[in-house]
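Numbering (this note's numbering), first residue to last: 424 to 1335. All C-beta atoms in this analysis are idealised placements derived from N, C-alpha and C, irrespective of residue type, glycine included. Values in this document were obtained by computation on a predicted structure and should not be read as measured data.
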DNA sequence: ACCGCCGGGTGCC
DNA sequence: ACCGCCGGGTGCC
């Protein structure tokens, strides 16, 4: 019988399958096939064409089983020797279940091979017999392919059931975003208790850091069931995919630490590395103490009679140790009886200077203590030899990691940290594996790609992705590289795990090997599509999933009723500024003019279609509040454009006007400040991805969210690249002051007279205003630096370093553009913040203030907001308050609400 | 495998 | 006996 297997090869002898355990090898290739099949371009714009009841045949030849309700994967098998149209059916873990019946397979093969549709299967009723079973197929694809596919299938006698397919509701990002904000909130409750860090961690941990450490250790050590798995009788059952397995599903060892910036993710990670080695023991590290002991041994043969026997014993052990494969470090725990001698030895070193180091002996001694003193438990399914933790971070924080290791690891502990960076980096895998920590950057990763890259050969104990949201795009080289690491434990550190949409999460879960969602198809079907279609259940599942693997605390979180971190007091005061006679006259003129125009729009009901103009009017007023010279000279009206080129020119001009001032223009789709701005033919500005999303969802019927004019992707106008970041020289022939400038200078001079080392942030949305402010600062001899969005990364870090320096010569003022820099910016050297002009979005202001009011701030922080009396600014502040209220109860607000509130905002601003 | 399909055996009722 | 019917053999692609 056994030989039949070979003789008959592909033949139909059932023995073949009974003898072969292809669960492992075949499942892997099938999984790969499914993965490959679903790694097609994003299925985002897909619509459901229809359903079809099909049949899976040949069940008896395969080992894969399917439960009622379980999803299955459909993979084309063009190489099948019996039928080149074959479509294989596999379960979630990639075990083959059977084939699609051949006539249906022939029809499907055409559709699948020509990428007309993606076909998905669900087995609704359980297996009635051993030979075939029904499968519900659904066809998904681009709207324009829909009819082709339906006709195609109909011609072969398969009528797609298109009934009951409702048009998916169009959900804008912000509605999801609200849900996401919630998604990552409150992930703190009832996690584990606190855990003390190993002794080698030199910095005492704060309570919330001990909690994080405890949670992280538990995530690495405990072997409970992963999310959505439960035990049902003898089987493990996945409640989402309805898949069940005999073996306990592999648990994700790791997760996402999504604490807010400044709560000490780095320190906690360092503590984790030192505290949780194999079997929950601390990382064995060399300590100077042990080295000293050996020095002693070699330097003095007879030192103290009462210790001689121990030294002899140690030496004996050392020799014995030579023959056993010992861990080459001193474990932190040592037998109590030895502690005495270690201390004695330490004391002795004070009297016996000039010893040579002998690391070999130290290493052996260390190994001996752990291996002979404490017998290791043989619990290892895992590779206990894995030692090194690989940390990948953006270049900008690399030095921070090195500093933090320096700072937080006890002085007497020697931790091997290798910086895998630069062209002469050590590529020896043996060397890398032997390190305690290897640090590298995402850039190195994308160049050090390929299977033979040293980073991909090493068996890591742990891989940590700092600022892990960097890999959210799965198409990048580094994302692909990150998935191929061999590691036992995987962590993602990120303050902002979701930036735009659910899609951002997939890469993170794939990196963590959260099965089955590491295969894109299952993720798309179970989470992404339900969620983007606004399915409550999908969102709930996502929430559960995230909750299981994420720890997130914000600066405002509380533990046992006490704030996580206590920051110095922060006071915010508003300083009302009176305009001068001349300024007031100019302002009133502009205001009346604008008020008339907007009033007309309001009564005509055309506010939203003239939105760009309304914004321009408001901008003009806001600029007048700061400084008369801020006014943009160019202000062409969008009249009837003669030619397309002319229209384009005018649109660009509009866009330039909105952007040039550096104001915080907000996209009406995502309600964030615009990224990659584009302007529509109706002159409304959006982020390109946001408006592209709207257009792709609504297709031909797409309309501008603000004015409902028809919009097309081809008609979106971008800002010409060469003009980006171009900063026109100020027309500073004759500089003049303004009331706001005066108010600021009065404050700065007063502060300097109190303490000339007080550092201030001076913040404006208008970069040109910052330029104007430079003149009086120079005149009064203030040393200042400037940070705005136009500066290169290198320049930025340099400026920040200068400003943060405590040297007497360091600048005391930073001119800061409101939007410049990421959230990570650390400007704790400043204790005073001057906000020169109110922002539309109060969160932007908060974020800016938080750059100095954050962990590390030692002084009280004083924030001054300058607001011009009787002006648009005062009204903006009122609306800000209202917006904040709205934001707090963010859920339930619909797009129409937002539009209505926008119109009423504008009316309020103009006091109409 | 409680079906369908195939092909050989068979042939009034 | 160029059909129908019966019953055994058989069975994914």
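My output table needs one value for residue i: the three-state DSSP class, helix, strand or coil.
{"i": "residue 824", "result": "helix"}
{"i": "residue 1259", "result": "coil"}
{"i": "residue 1122", "result": "helix"}
{"i": "residue 814", "result": "strand"}
{"i": "residue 1332", "result": "helix"}
{"i": "residue 918", "result": "coil"}
{"i": "residue 1004", "result": "helix"}
{"i": "residue 1336", "result": "One cannot answer for residue 1336 here, as it falls past the ends of the chain, which runs 424 to 1335."}
{"i": "residue 469", "result": "coil"}
{"i": "residue 988", "result": "coil"}
{"i": "residue 546", "result": "strand"}
{"i": "residue 1140", "result": "strand"}
{"i": "residue 1113", "result": "helix"}
{"i": "residue 1067", "result": "helix"}
{"i": "residue 1291", "result": "strand"}
{"i": "residue 999", "result": "strand"}
{"i": "residue 538", "result": "coil"}
{"i": "residue 1300", "result": "helix"}
{"i": "residue 905", "result": "helix"}
With DSSP as the reference, identify every bridge partner of residue i, one or two as the case may be.
{"i": "residue 910", "result": "883"}
{"i": "residue 1163", "result": "In the DSSP output, where bridge partners are listed per residue, residue 1163 has none listed."}
{"i": "residue 379", "result": "This structure cannot settle anything about residue 379, because the visible part of the chain is limited to 424 through 1335."}
{"i": "residue 474", "result": "561, 584"}
{"i": "residue 1134", "result": "DSSP, once it has assigned bridges, lists no residue as partnering residue 1134."}
{"i": "residue 635", "result": "Residue 635 pairs with nothing; no bridge assigned."}
{"i": "residue 497", "result": "512"}
{"i": "residue 1184", "result": "1237, 1256"}
{"i": "residue 556", "result": "479"}
{"i": "residue 1350", "result": "Lying before the first or after the last residue shown, residue 1350 is absent from the chain, which here runs from 424 to 1335."}
{"i": "residue 1285", "result": "994, 1255"}
{"i": "residue 1096", "result": "1089"}
{"i": "residue 840", "result": "860"}
{"i": "residue 1102", "result": "1108, 1140"}
If I measure Cβ to Cβ from residue i and keep anything under 6 Å in the same chain, skipping five residues before and after, which residues do I get?
{"i": "residue 545", "result": "494, 559"}
{"i": "residue 1104", "result": "1138"}
{"i": "residue 836", "result": "623, 708, 710"}
{"i": "residue 1326", "result": "1030"}
{"i": "residue 839", "result": "858, 859"}
{"i": "residue 833", "result": "623, 625"}
{"i": "residue 508", "result": "528, 529, 532"}
{"i": "residue 909", "result": "882"}
{"i": "residue 1018", "result": "1333"}
Identify, in the order they occur along the chain, each residue of the same chain with its Cβ nearer than 7 Å to the Cβ of residue i, setting aside the five sequence neighbours on each side.
{"i": "residue 487", "result": "513, 514, 518, 519, 520"}
{"i": "residue 653", "result": "660, 662"}
{"i": "residue 617", "result": "630, 633, 634, 637"}
{"i": "residue 1107", "result": "1034, 1035, 1127, 1129, 1130"}
{"i": "residue 948", "result": "494, 543"}
{"i": "residue 1022", "result": "1335"}
{"i": "residue 1200", "result": "1207, 1236"}
{"i": "residue 961", "result": "950, 953, 954"}
Rounded to whole angstroms, how far is the Cβ of residue i from the Cβ of residue j, which I believe are closer than 8 Å?
{"i": "residue 1046", "j": "residue 1053", "result": "4 Å"}
{"i": "residue 929", "j": "residue 943", "result": "7 Å"}
{"i": "residue 471", "j": "residue 556", "result": "Contact flag wrong, Cβ pair sits at about 23 Å."}
{"i": "residue 1114", "j": "residue 1092", "result": "6 Å"}
{"i": "residue 1276", "j": "residue 993", "result": "5 Å"}
If I measure Cβ to Cβ from residue i and keep anything under 8 Å in the same chain, skipping five residues before and after, which residues do I get?
{"i": "residue 491", "result": "546, 547, 548, 549, 665"}
{"i": "residue 936", "result": "673, 675, 913"}
{"i": "residue 1292", "result": "999, 1000, 1001, 1002"}
{"i": "residue 894", "result": "865, 888, 901, 902, 905, 930, 931, 934"}
Which runs of the beta strand (DSSP E) at least 3 residues long sit entirely within the segment 502-531? Give them in chain order.
510-513, 519-523
Considering only residues of the segment 672-714, which uninterrupted beta strand (DSSP E) runs meet the minimum length of 3 residues and lie entirely inside it, listed in chain order?
677-680
Can you check the segment 842-895 for any alpha helix (DSSP H) of at least 4 residues that lies completely inside it and give the ranges in chain order?
852-857, 865-870, 877-880
Which runs of the beta strand (DSSP E), 3 residues or longer, sit entirely within the segment 1193-1255?
1207-1210, 1236-1240
Which complete alpha helix (DSSP H) runs does the segment 940-992 hold, if anything under 4 residues is left out?
943-946, 952-955, 959-972
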